[in-house]
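Down below is the structure, laid out as structure tokens.
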Amino acid sequence: MNILPQIQPITILLVEDNPGDSRLIKEVFKDGKVANSLIIAKDGVEALSILREPSSELPDLILLDLNLPRKKGLDVLDEVKSDPNLKRIPVIVLTTSNDEKDILKSYDLHASAYLTKPVDLNEFITVIRNLENFWLTLVKYPPKRKS
Amino acid sequence: MTEHLKSSRYIYRFFSIVCGLILVSDVCNTVILGYMSWLPLWGRTLCDTVLTSLFVFPAFYYSGLLPLIQFLDKNKRNEESLKENEQNYKTLADSGQALIWLSGKDKLCYYFNSVWLQFTGRTLEQEQGNGWAEGVHPDDFQRCLDIYVQAFDRRISFSMEYRLRRHDGIYRWIIDEGCPRYDRKGEFIGYIGHCLDIDESKQAVEALRESEEKFRELFLNMTEGVALHEMIYEGEKAVDYRILDINPAYENHTGLSQKKACGLLASKLYGTGTPPYFEEFAGVAVNRVPISFETYFPPLARHFRISVFSPKKGFFATVFEDITKQKQTYEQLQRTAGDLRRSNIELEQFAYIASHDLQEPLRMISSYTQLLEKRYKDKLDADANDFIGFAVDGANRMQKMIQSFLVYSRTSRDNSPLQTVDCNEVLEYAKMNLLMSIQETATRIESDPLPTVIGHSELLLQLFQNLIGNAIKFRNGRAPVITIGVQQNETHWIFSVKDNGIGIDPDYFEKIFVLFQRLHAVSDYPGTGIGLTICKNIVERHHGTIRVESQPGSGTTFFFTISSQLKA
Numbered sequence: 000m001n002i003l004p005q006i007q008p009i010t011i012l013l014v015e016d017n018p019g020d021s022r023l024i025k026e027v028f029k030d031g032k033v034a035n036s037l038i039i040a041k042d043g044v045e046a047l048s049i050l051r052e053p054s055s056e057l058p059d060l061i062l063l064d065l066n067l068p069r070k071k072g073l074d075v076l077d078e079v080k081s082d083p084n085l086k087r088i089p090v091i092v093l094t095t096s097n098d099e100k101d102i103l104k105s106y107d108l109h110a111s112a113y114l115t116k117p118v119d120l121n122e123f124i125t126v127i128r129n130l131e132n133f134w135l136t137l138v139k140y141p142p143k144r145k146s
Numbered sequence: 000m001t002e003h004l005k006s007s008r009y010i011y012r013f014f015s016i017v018c019g020l021i022l023v024s025d026v027c028n029t030v031i032l033g034y035m036s037w038l039p040l041w042g043r044t045l046c047d048t049v050l051t052s053l054f055v056f057p058a059f060y061y062s063g064l065l066p067l068i069q070f071l072d073k074n075k076r077n078e079e080s081l082k083e084n085e086q087n088y089k090t091l092a093d094s095g096q097a098l099i100w101l102s103g104k105d106k107l108c109y110y111f112n113s114v115w116l117q118f119t120g121r122t123l124e125q126e127q128g129n130g131w132a133e134g135v136h137p138d139d140f141q142r143c144l145d146i147y148v149q150a151f152d153r154r155i156s157f158s159m160e161y162r163l164r165r166h167d168g169i170y171r172w173i174i175d176e177g178c179p180r181y182d183r184k185g186e187f188i189g190y191i192g193h194c195l196d197i198d199e200s201k202q203a204v205e206a207l208r209e210s211e212e213k214f215r216e217l218f219l220n221m222t223e224g225v226a227l228h229e230m231i232y233e234g235e236k237a238v239d240y241r242i243l244d245i246n247p248a249y250e251n252h253t254g255l256s257q258k259k260a261c262g263l264l265a266s267k268l269y270g271t272g273t274p275p276y277f278e279e280f281a282g283v284a285v286n287r288v289p290i291s292f293e294t295y296f297p298p299l300a301r302h303f304r305i306s307v308f309s310p311k312k313g314f315f316a317t318v319f320e321d322i323t324k325q326k327q328t329y330e331q332l333q334r335t336a337g338d339l340r341r342s343n344i345e346l347e348q349f350a351y352i353a354s355h356d357l358q359e360p361l362r363m364i365s366s367y368t369q370l371l372e373k374r375y376k377d378k379l380d381a382d383a384n385d386f387i388g389f390a391v392d393g394a395n396r397m398q399k400m401i402q403s404f405l406v407y408s409r410t411s412r413d414n415s416p417l418q419t420v421d422c423n424e425v426l427e428y429a430k431m432n433l434l435m436s437i438q439e440t441a442t443r444i445e446s447d448p449l450p451t452v453i454g455h456s457e458l459l460l461q462l463f464q465n466l467i468g469n470a471i472k473f474r475n476g477r478a479p480v481i482t483i484g485v486q487q488n489e490t491h492w493i494f495s496v497k498d499n500g501i502g503i504d505p506d507y508f509e510k511i512f513v514l515f516q517r518l519h520a521v522s523d524y525p526g527t528g529i530g531l532t533i534c535k536n537i538v539e540r541h542h543g544t545i546r547v548e549s550q551p552g553s554g555t556t557f558f559f560t561i562s563s564q565l566k567a
């Protein structure tokens, strides 16, 4: 089932200001044995500049925290989804907030999924693994490169 | 009487003169006839007669017999005209509205006109003398008698009001005016009086007086200051107003005395350029449409509620109430309410944000200790394993507390609208949510038919669920039996949730409702100690109270009330 990703690791842009969390997610990927290449942006502005950098390749997936300095996650989401070049990249909101308003707003702005960071490590690993399964088996790859 | 005396004087004069002249004529006759003895008898008799006549006629004349005759004749004519007059007077007296009486010199009444007799419904004979006094109201009699007697003795007029019994037994107020009578010769002959029924006007006057007194009392004693003003015009233009009258409350409120204020122009009295509220007052004085407003009056540094009306054009009255205290209290209350509201909002925000943000570092601790455990469990010694275990456990517990605290703060922040809630349905939902533990413990739940109340359905569900959940959790080694009952008083529904569990020591009845208070070790009964705090919060949001009755070992009953006065 997981033949494709092993051949071609997915590129993930993680937008997360907390180094503890970035590292944790990295570790969880490692523990979950999800092959990937992880790019980390520490805030919304940095994330958008990475995405809009002409020379760089677009990520397969954006993991987006909502509570970010400089530019809030929902604003980043809005900009990504309003940008014709970026709007096809699936965005998964990964945050601690389980505020209904955040969840609704995220889906309104066309987030592909909304996940809350579980406290329990094993639960987190399961979530990430499911995420991989979900995206790599059920969802068709978007066109990967800029034309 | 004078006439009578006059006539007897005439008679006396007449007889003395006649006797005198007869004596003189006899002496003359005797003397003259003595010299005329030579005359025959017939001659002497003739002469005697002639002589006597010569003396007697003048005697008659001078003695006043003629005046007597004239007097008698005139008297007769007077008597006739008097009789005629009297008849006229009587007719007049009887045809009028006035009740008329006459009294003699003995103060006793001897005449009452027919109007009087018709009024009292009594006969002249009954009324004569002192009979009439029987009809005077006992409360008025002595006063009237005193006035009459005093006036009578001084021969002066009097006027008095008293109640006189009418033929139908009803006392009517009459005014009685009496004056002394004299005959044509100026002799006092008694009193004449006339009375008028003034009952209706008297009552009207009395009513007016009472009303006047009532309003006067009100004016003097009311706590609102009242002032009557007259608008001052220069040509057509109102320029100032004058204070005409003020009541004591006005003095109290303003500190201005009646002496100082009355008659003074407002601009002078209050020391303001334009008289206070001039436009408003001028409008009322002209349009005569009352107005009312609240105001702060800087010269006195007080708040007033002022009502203005115009009793007649060009005049206006102000009724004002010093509301400084209320205003200050209200402002204080507003401030306190504002502070409280802010404080509550801040507290809620704090609770929410704190618990929310606390989760971040906590998740770090928890996740990394778990990662440690996962990767290095068997690479360290037993102590290290224990330490990691405690750290993970602590982080987990704290996590649960924070989450339950979030639930609690959510119940506080819940601002879902009040709605009609069928408690039977709520109970069914609660049972469904607890289905697993109910089945596992073979719990039996019995319930009275529950009412439909006005409340927050989500919160009521949580309330029932928490109480039933507790009853199951704190069971006493046998299948829990939970009985839910309900009663009603004037203002509230009173619910009871009774179990057969382990019970609670009365020492802890208050403590159990306090946040994070636990009576048992986590290992015995898991939980964070927030369930009953949430229950209390929910009940209070429904304007109710919650309390517990219990004995250790013999079950617990929670009683909570929900207001039946809430409106959806």
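For the record, the sequence lines run as chains A and B.
If you read the first sequence in numbering that gives the first Met the number 0, its first letter stands for residue 0, the second for the next number, and so on.
If you read the second sequence in numbering that gives the first Met the number 0, its first letter stands for residue 0, the second for the next number, and so on.
Every residue gets a Cβ at the ideal spot worked out from N, C-alpha and C, and that includes glycine.
Just curious, the alpha helix (DSSP H) that residue i is in, first and last residue?
i, result
"Gly19/A", "Pro18 to Asp30"
"Ala206/B", "Asp198 to Asn220"
"Ala381/B", "Ala381 to Arg412"
"Leu144/B", "Pro137 to Arg153"
"Phe118/B", "Ser113 to Thr119"
"Ser436/B", "Leu434 to Thr440"
"Pro247/B", "Pro247 to Thr253"
"Gly530/B", "Gly530 to Arg540"
"Ala260/B", "Gln257 to Ala260"
"Glu78/A", "Gly72 to Ser81"
"Ser266/B", "Ala265 to Tyr269"
Between residue i and residue j, is the Cβ-Cβ spacing less than 7 Å?
i, j, result
"Ile124/A", "Val27/A", "yes"
"His592/B", "Ser522/B", "Residue 592/B lies beyond the range of chain B shown here (0 to 567); nothing can be said about it."
"Leu462/B", "Ile537/B", "yes"
"Leu361/B", "Ile387/B", "no"
"Leu227/B", "Ala316/B", "yes"
"Leu107/B", "Gly134/B", "no"
"Tyr190/B", "Ser102/B", "yes"
"Ser111/A", "Ile91/A", "yes"
"Gly468/B", "Leu433/B", "yes"
Under three-state DSSP, which class holds residue i?
i, result
"Arg87/A", "coil"
"Gln550/B", "coil"
"Phe349/B", "helix"
"Phe512/B", "helix"
"Lys566/B", "coil"
"Val14/A", "strand"
"Asn97/A", "coil"
"Ile173/B", "strand"
"Arg51/A", "helix"
"Asn129/A", "helix"
"Asn35/A", "strand"
"Phe463/B", "helix"
"Lys196/A", "In the structure as shown, chain A begins at 0 and stops at 146. Residue 196/A is therefore absent and cannot be evaluated."
"Gly454/B", "strand"
"Tyr88/B", "helix"
"Ile501/B", "coil"
"Lys311/B", "coil"
"Thr122/B", "coil"
"Gly192/B", "strand"
"Glu427/B", "helix"
"Thr544/B", "coil"
"Met0/B", "Residue placement at Met0/B is poorly supported in this model, since its pLDDT is 47, which falls under 50; the coordinates are not used for a value here."
"Ile6/A", "The predicted model places Ile6/A with a pLDDT of 45, which falls under 50 and marks its position as unreliable, so this point remains unresolved."
For residue i, report the span of its beta strand (DSSP E) as first-last.
i, result
"Glu315/B", "First, the amino acid is wrong: residue 315/B is Phe here, not Glu. That run of the beta strand (DSSP E) goes Phe314 to Asp321."
"Gln487/B", "Val480 to Gln487"
"Thr527/B", "Here Thr527/B belongs to no beta strand (DSSP E), and DSSP marks it neither H nor E."
"Tyr113/A", "Ala112 to Thr115"
"Gly224/B", "Gly224 to Glu233"
Along the region 362-375 of chain B, where does the CB come closer than 8 Å to a CB of chain A? Name the residues. Residues of the region 362-375 of chain B with a Cβ closer than 8 Å to any Cβ of chain A, in chain order: Arg362, Met363, Ser365, Ser366, Tyr367, Gln369, Leu370 and Lys373.
Alpha helix (DSSP H) runs wholly inside the region 271-305 of chain B, at least 4 long, in chain order: Within the region 271-305 of chain B, complete alpha helix (DSSP H) segments of at least 4 residues are found at 277-286, given in chain order.
Interface positions of the region 338-362 of chain B facing chain A (Cβ-Cβ less than 8 Å), listed along the chain: His355, Gln358, Glu359, Leu361 and Arg362
Mind checking the region 377-400 of chain B against chain A and listing, in chain order, the residues whose C-beta falls within less than 8 Å of any C-beta there? Ala394, Asn395 and Gln398
Anything in the region 32-56 of chain A with a Cβ closer than 9 Å to a Cβ of chain B? List those residues in chain order, please. Listed by position, the residues of the region 32-56 of chain A near chain B (Cβ gap below 9 Å) amount to none.
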